[in-house]
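The block underneath contains the structure these notes are about, expressed in structure tokens.
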Amino acid sequence: MLSEVAKQKIDRELAKYPADQRQSAVMSALAIVQDERGWLSTESMDEVAQYIGMPPVAVYEVATFYNMYNLKPMGAHKITVCTNLPCALSGGVDAAEYLKQKLGVDWKQLTADGKFTVVEGECMGACGDAPVMTVNNKRMCSLMSKQKIDALVEELSGVTSK
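The numbering used here puts the first residue of the sequence shown at 1485, with every later residue one more than the last.
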């Protein structure tokens, strides 16, 4: 069941669109539920569909198309590494391999302590700052050298968030 806080936030998003365009708030609604629960289960997506008045399949289509939505439990810190061509040519692949080795995981795997998941991402619109990573879809980290990756992991290891 959607929490009252989630409903209030979704209502604010719905208010931005005409009544016959409620589906336009689906991305925001999914992000709100994910922020609250950490990931989007089928049941969560069904709740969003019912609340907005959309067919569940339409909500699934959105959630499965964009990689910012977690369709399974992730670590407390989801680090997305851009491996699109400009980032790849500027060290993105090497940064990803270093991060995965450091954490002892492969793509989409959860670290043993439950703190980290590393995922591959598409263009983040910051090619000039490559290699680029995001943390939990909210914080962008640029020019990620081994030293910066070490500092990021150390910082996040002492912090628990969704």
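Backbone N, C-alpha and C define an ideal beta-carbon position, used for all residues, glycine too. Computed from a predicted model, the values in this text were never measured in an experiment.
For residue i, the nearest candidate out of the options (CA to CA)
i            : options                   : result
residue 1591 : 1598, 1581 and 1597       : 1581
residue 1521 : 1542, 1536 and 1560       : 1560
residue 1558 : 1505, 1588, 1569 and 1595 : 1595
residue 1570 : 1553, 1610 and 1602       : 1610
residue 1514 : 1583, 1545, 1499 and 1501 : 1545
residue 1639 : 1585, 1563, 1614 and 1491 : 1563
residue 1621 : 1531, 1488, 1552 and 1489 : 1552
Any chain B beta carbon closer than 7 angstroms to residue i
i            : result
residue 1499 : No chain B is part of this structure, which consists of one protein chain only.
Paired residues, beta bridge with residue i - DSSP
i            : result
residue 1594 : 1601
residue 1566 : 1605
residue 1625 : 1617
Rounded distance between the beta-carbons of residue j and residue i, thought under 8 angstroms
i            : j            : result
residue 1533 : residue 1543 : 4 angstroms
residue 1509 : residue 1527 : In fact, because the Cβ distance is near 19 angstroms, the residues do not count as touching under 8 angstroms.
residue 1587 : residue 1602 : 6 angstroms
Buried or exposed by the 16-neighbour rule on C-beta atoms within 10 Å, applied to residue i
i            : result
residue 1541 : exposed
residue 1503 : exposed
residue 1629 : exposed
residue 1645 : Because the pLDDT at residue 1645 is just 47, under 50, the model does not fix this residue reliably, and the point stays unresolved.
Worksheet item: At what residue ranges does the stretch 1532-1579 contain a whole run of the alpha helix (DSSP H), taking only runs of 4 or more?
Response: DSSP runs (the alpha helix (DSSP H)) wholly in the stretch 1532-1579: 1540-1549 and 1569-1573.
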